Amino acid sequence: MKLYRAGMYVLPALCLAGLSLWRTAPVHGFAGPSNPGAGTWDKAAAAKYLDDREVWWQGWPRAQKDHGTVCISCHTNVPYAMARPALRAALHETSAAAPETVMIASVEKRVGQWGEVVPFYSDAHDGAGKTAESHSTEAVMNAVILLSYDANLGRVRPITRTALDEAWALQLQAGDDEGGWIWQNFHLSPWESNESSYQGAAMLMLELASTSPAALTSPEDARHLGLLKSYLRKHYAEQPLLNQLYVYWASAKASELLDAAQHGDLLARVRKLQQSDGGWKIASLDSIDRIDKTAQPAESDGYATALVALALEANVSDRKDASLRGALTWLEDHQGKDGRWQAASLNKQRDPESNIGKFMSDTATAYAALALEQSAAKPAL
Numbered sequence: 000m001k002l003y004r005a006g007m008y009v010l011p012a013l014c015l016a017g018l019s020l021w022r023t024a025p026v027h028g029f030a031g032p033s034n035p036g037a038g039t040w041d042k043a044a045a046a047k048y049l050d051d052r053e054v055w056w057q058g059w060p061r062a063q064k065d066h067g068t069v070c071i072s073c074h075t076n077v078p079y080a081m082a083r084p085a086l087r088a089a090l091h092e093t094s095a096a097a098p099e100t101v102m103i104a105s106v107e108k109r110v111g112q113w114g115e116v117v118p119f120y121s122d123a124h125d126g127a128g129k130t131a132e133s134h135s136t137e138a139v140m141n142a143v144i145l146l147s148y149d150a151n152l153g154r155v156r157p158i159t160r161t162a163l164d165e166a167w168a169l170q171l172q173a174g175d176d177e178g179g180w181i182w183q184n185f186h187l188s189p190w191e192s193n194e195s196s197y198q199g200a201a202m203l204m205l206e207l208a209s210t211s212p213a214a215l216t217s218p219e220d221a222r223h224l225g226l227l228k229s230y231l232r233k234h235y236a237e238q239p240l241l242n243q244l245y246v247y248w249a250s251a252k253a254s255e256l257l258d259a260a261q262h263g264d265l266l267a268r269v270r271k272l273q274q275s276d277g278g279w280k281i282a283s284l285d286s287i288d289r290i291d292k293t294a295q296p297a298e299s300d301g302y303a304t305a306l307v308a309l310a311l312e313a314n315v316s317d318r319k320d321a322s323l324r325g326a327l328t329w330l331e332d333h334q335g336k337d338g339r340w341q342a343a344s345l346n347k348q349r350d351p352e353s354n355i356g357k358f359m360s361d362t363a364t365a366y367a368a369l370a371l372e373q374s375a376a377k378p379a380l
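In numbering that gives the first Met the number 0, the protein residues as written are 0 to 380.
Here you go:
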């Protein structure tokens, strides 16, 4: 597996969009932490930011796809699906938020009409290989979203089983990347670059590891899972730390992914990169040169810190661990007034108040909310 390490222009990462039936007020500007040092965070504001961003995505013309569906975005849809249900109990919600319902319906429609829907990108319009890349990437992300959704239901629904079968059907069966997938590649880190295929596979493994074993009992499931685990182990050492953290996160429920030495090595590297304020910066986890030659931000950000927090929460038994405590404290202290946690593009300098400039913050906010909610459900630090 060869990794392309140069950044390029930013396009919307991979899509999936359904018709938006809602309108929302603009997301307000990031004005820094709303209550620095207070050790509290605003769950309702986080949910509103995530919902508003999902509604914007569903209504964005460039995200509109065939059959009345929406492009499935790795930066907005996928983390939203993973994190938004975690806020329901705290907000006394009795059902999924309206934008969440639309998103799931769009994914299910594309899964159910898989033989008819048009891949998001094509060879004819986007360059050689883009049809296959888009088709394969969507299949994996559809499965990730629906498996994550079903984890909250406590069962795997037939439509989710179909999504997983569609992903299995496109899994590579030979070659150096056997067990992985062809992936959308516009040389845009972290979601659309050569290294993104590994991250996508790790995210699917993360959801599969949280799925009831009773739902994965067929010989075909066992064969595909075996290939996936072998792929993740084989290519682990060559990955940026960002990707390794997803495998580390998944390894809490799939211990065969990493051995004790790999666990110790990753923890040591993560601890060494923790900044004086308790957070991490994304460029230290996935270091690339920006296409516009601007410097990567030096300050801690919500994406890197929340991802580290999630991985540590899953694996570190000591709730008083200094790195875990520092990560969670940083997250509690760095939510913006509009509900978001800030993170910047790896690929070029962007206006953080533009809609495209918020893509990294979408992931940061989802992961931060998930990390903090999961922490609250465990014994106090």
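Positions of the beta carbon are idealized from the N, C-alpha and C atoms, including for glycine.
For clarity, every value in this text was computed on a predicted model and none was experimentally measured.
In three-state DSSP terms, what is residue i?
i    : result
A173 : coil
L284 : helix
G383 : Since the displayed the chain opens at 0 and closes at 380, residue 383 lies outside it and no answer follows.
L49  : helix
Q373 : helix
L257 : coil
Q63  : strand
L215 : coil
L224 : helix
L90  : coil
L231 : helix
E298 : coil
E312 : helix
H27  : The pLDDT assigned to H27 is 39, lower than 50, so where the model puts this residue is not dependable, and the model offers no usable value.
For the beta strand (DSSP E) containing residue i, name the first residue and the last one.
i   : result
T68 : 68 to 70
Mind checking which residues open and close the alpha helix (DSSP H) that includes residue i?
i    : result
S147 : 129 to 150
Y235 : Counting along the chain, Y235 falls outside any alpha helix (DSSP H), and DSSP gives it neither H nor E.
E165 : 157 to 168
Q198 : 195 to 208
S105 : 97 to 111
H124 : 122 to 125
A342 : Taken as a continuous stretch (DSSP letters only), A342 belongs to no alpha helix (DSSP H), as it is neither H nor E.
P78  : 76 to 82
For residue i, count neighbouring C-beta atoms within 10 Å of its own C-beta (all shown protein chains included) and say buried if the count is 16 or more, exposed if not.
i    : result
N151 : exposed
R268 : exposed
P35  : Note on P35: pLDDT 46, under 50, position unreliable in the model; the coordinate value appears next. P35 comes out exposed.
E137 : buried
A376 : exposed
K129 : buried
S94  : exposed
K357 : buried
T216 : exposed
T100 : exposed
Residues in the same chain with beta-carbon distance under 7 Å from residue i, minus the five sequence neighbours each way, listed in chain order, please.
i    : result
K47  : G338
M202 : V143, Y245
E298 : K280
D65  : V116, V117
Taking 6 Å as the cut-off, is the C-beta of residue i nearer than that to any heavy atom in the ligand NAP?
i    : result
D320 : Inclusion of the ligand NAP in the displayed structure is not the case, the ligand content being empty and no account of it being possible.
Skipping 5 residues on each side, what residues in its chain have a beta carbon closer than 8 Å to that of residue i?
i    : result
A168 : A138
Q341 : F29, D300, G301, H333, G335, P351, S360, A363
Residues in the same chain with beta-carbon distance under 6 Å from residue i, minus the five sequence neighbours each way, listed in chain order, please.
i    : result
I181 : A131, E132, S135
R109 : T68, V116
Y79  : L49, E53, A365
L398 : Residue coverage of the chain in this structure runs from 0 to 380, which leaves residue 398 outside it and unanswerable.
Do three or more CB pairs link the region 273 to 281 to the region 252 to 265 at distances below 8 Å?
In short, these stretches do not touch, since the Cβ pair count stays below three.
Pair every Cβ in the region 339 to 353 with every Cβ in the region 288 to 299, then say whether three or more of these pairs are closer than 8 Å.
A contact exists between the region 339 to 353 and the region 288 to 299.
Could you tell me whether the region 353 to 372 touches the region 302 to 309, where touching means 3 or more Cβ pairs closer than 8 Å?
Taking 8 Å as the limit for Cβ pairs, the verdict is that the region 302 to 309 does touch the region 353 to 372.
Between the region 75 to 87 and the region 119 to 131, are three or more C-beta pairs nearer than 8 Å?
Contact fails: fewer than three Cβ-Cβ distances are below 8 Å.
Taking three-plus beta-carbon pairs below 8 Å as touching, is the region 202 to 221 in contact with the region 169 to 178?
The region 169 to 178 and the region 202 to 221 do not touch, with fewer than three beta-carbon pairs separated by less than 8 Å.
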